Every structure is written in structure tokens, then in C-alpha cells.
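Here is the structure we will look at.
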Amino acid sequence: MSFAEDIAAFLSYLNSQRLASPHTTKAYARDLNALVEFFANHGVSNWRDFTRPLLEAWIGECRDRDLITRSIARQLSAVRRFYDHLSRTQEVGEHPTRGYQMKQRGVALPQVLDVDHIQQLLDAPPPSEEKALILWHRDKAMLELFYSSGLRLAELSQLKLSDIDLSAGLVTVVGKGRKVRVLPVGKMAREAILTWLGTRPKFVRVGTESWLFLSQRGDRLTERSIQARLVHQAKRVGLDRRLYPHLLRHSFASHLLESSHDLRAVQELLGHSDIRATQIYTHLDFQHLAAVYDQAHPRAKTKP
Numbered sequence: 001m002s003f004a005e006d007i008a009a010f011l012s013y014l015n016s017q018r019l020a021s022p023h024t025t026k027a028y029a030r031d032l033n034a035l036v037e038f039f040a041n042h043g044v045s046n047w048r049d050f051t052r053p054l055l056e057a058w059i060g061e062c063r064d065r066d067l068i069t070r071s072i073a074r075q076l077s078a079v080r081r082f083y084d085h086l087s088r089t090q091e092v093g094e095h096p097t098r099g100y101q102m103k104q105r106g107v108a109l110p111q112v113l114d115v116d117h118i119q120q121l122l123d124a125p126p127p128s129e130e131k132a133l134i135l136w137h138r139d140k141a142m143l144e145l146f147y148s149s150g151l152r153l154a155e156l157s158q159l160k161l162s163d164i165d166l167s168a169g170l171v172t173v174v175g176k177g178r179k180v181r182v183l184p185v186g187k188m189a190r191e192a193i194l195t196w197l198g199t200r201p202k203f204v205r206v207g208t209e210s211w212l213f214l215s216q217r218g219d220r221l222t223e224r225s226i227q228a229r230l231v232h233q234a235k236r237v238g239l240d241r242r243l244y245p246h247l248l249r250h251s252f253a254s255h256l257l258e259s260s261h262d263l264r265a266v267q268e269l270l271g272h273s274d275i276r277a278t279q280i281y282t283h284l285d286f287q288h289l290a291a292v293y294d295q296a297h298p299r300a301k302t303k304p
């Protein structure tokens, strides 16, 4: 069964066998769907692939989103109970949460690419074959935008042409909780997007004209397809790291913070959703955010 089907079966079990309340069932669904979103960002295709190191990475990302310890513990409890149920109904291998005690301090920082790896990926010569070159124009635009603006995978996948303002160097994204962010787009990303827009008409078909990134069939490029293209391009340039969208987002945040030392601005640009964590950033005006971005981001030094 698929992730969604397994979760639905578990929720049905909670309702029928454990007589869980609608509130409890909704909380389990939210927590497990958040785990599946993490799987999508890290290339996990089945429950068996959720290892202890990935569990640590998942908890680290929860902390990155400024979730309080109690909220993370609740999510961990939901995952543990789900895996207990799953292990009774199918073979899932080693139970990643069994016996796990969440560390209160010293959580490892997310993995990032260093600037040399970023340059290896983004500054590689384009392929010579025509079809591969066309796809590279699209893929390079996506890669540059991921790193330029720190987008989540779902945010990039849902971008429309109207969300990009190349003359102003801005992109409008709708993040978690339907929160709208207006983010700077660096010079290199603007140039890559402009190149892609010159090629994009070859992909357009009736009904999909509004989407920024299209598949060869003319459909909106799905999250899974975007992940596959990132892996392909990393292999093409000989990058010796496993590439996934959140790695570029973490690299964006790490490199910007390293240069600017402005934690509040970086968190605002990332669009952290927990209101208790983001309230202190609401008074940061966009001009300040843009100034921090322009001064600190390695590929945004020059205005259009």
C-alpha cells in the first residue's frame, strides 16, 4: 500500500478499535502527513527506509521550525505508535523509534553543501546534446531558485509565472499555513529563469500555461519529478553528495547566516510557521531583509 493508504488504515484502526476522539485522530493524521512530507524531501520511498539517522534528521528539522520540545515529543509519540501498529500488519524492518530517547540539547545542525559544492553544481558546463540542454535550462533555473531564495520543495512546485517579478528581483511564495512570503531572487537565479523562459514555450500546452516549471509533457512539474531531476543533475556534474531540495534550503540558510550573522532576518526569509517563534520577526521590514540578502548571499551581489 501507499503511504496515504497505510496512514488511512491506521486512523481507521484508531477510530474503530481504540475509539479515539476526532481531535486525536486529526492530530495523528497531521503528524504522520508531516513525516511523509519529510520522506518526500529526503527521497524515502517506503517505511522500511526510515532509519535512526533519518529519525535524528527529522527531529532536527522539527527544531529548525522552532517547534517546542513538547510538540516534537508528541509527534515522536505518534510516529512510534504508528510504527508499532505497522509492525503488526507488515514487514517494516528495524523499528526506528523503539527505545529512542529524544536529546534535549546538542541536536546536530542540518547537513549543508559548502560553497565549493554549490559552485560545482550550479556553474558546471551545460550538456551539449540538444534535448539535455533544454532540460538543463529548466533544471538550472530550479536549482538556482532553490539556493537563491531558500524555497521549500512544495513552494517551488506550485510557482506560477505571475509569482515571479524578474525586473524587481522578487518571487512570491505561499508556504505552510498559507503564509505568503515575498523573497529576493539573486542575479544568477534571475538569469537562469530568464533563459528557461526562452525555452519554456516548447513545453506549454492548453491548460498548463500558468505554471512556471513544466514537464516534457507540458504538465506542472511534480515534487517527485523535481527531486528526480535534482538527483540527475548532481550525478551529471559528479557531485559526491546525495542531493535533495531541503539540502539546498539548508545551504541557503547556513551560507546567509554565516555571512550576515543576522539570525532574525534569515528566519524571516525561511518563513518559519510557528507563530510563537516568528512573532519577534514581524517588525523586520522588507527593506532590511533585502539589504541583508544583497550584502550576504554569494550569488546575489549584483542588482538587475
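With the working numbering applied, the sequence shown covers 1 to 304.
Note that the Cβ used here is the ideal one computed from N, Cα and C, for glycine as well.
Computed from a predicted structure; not experimentally measured.
Burial is judged here by how many other beta carbons sit within 10 angstroms of a residue's own beta carbon; A168 has fewer than 16 and is exposed. The shortest CA-to-CA distance from A265 to any of L212, L113, R299, L183 is the one to L183. Bounds of the alpha helix (DSSP H) holding T195 are 187-199. Note that the segment 126-137 does not touch the segment 148-155; fewer than 3 beta-carbon pairs, one per stretch, sit closer than 8 Å.
At the C-beta level, E144 and A189 come within 7 Å of one another.
In the three-state reduction of the DSSP assignment, T69 falls in the helix class.
Residue pairing of P22 in beta bridges, as defined by DSSP: absent, with no partner found.
Taking the Cβ atoms as the reference, V237 lies roughly 6 Å from Q120, within the contact range of under 8 Å. Each residue's CA atom was taken as its position, placing S157 and K131 some 22 Å apart. Runs of beta strand (DSSP E) with 3 or more residues, each lying fully within the segment 27-57, are absent. When only Cα atoms are considered, N46 and G93 end up about 11 Å apart. Residues G150 of the same chain have their beta carbon placed closer than 6 Å to that of R249, with the five preceding and five following residues left out of the count.
Looking only at G218, K187, V292, the smallest Cα-Cα distance to P201 is reached by G218.
Where L153 is concerned, the enclosing alpha helix (DSSP H) starts and stops at 153-157. Partner residues in a beta bridge of R74, as assigned by DSSP, do not exist.
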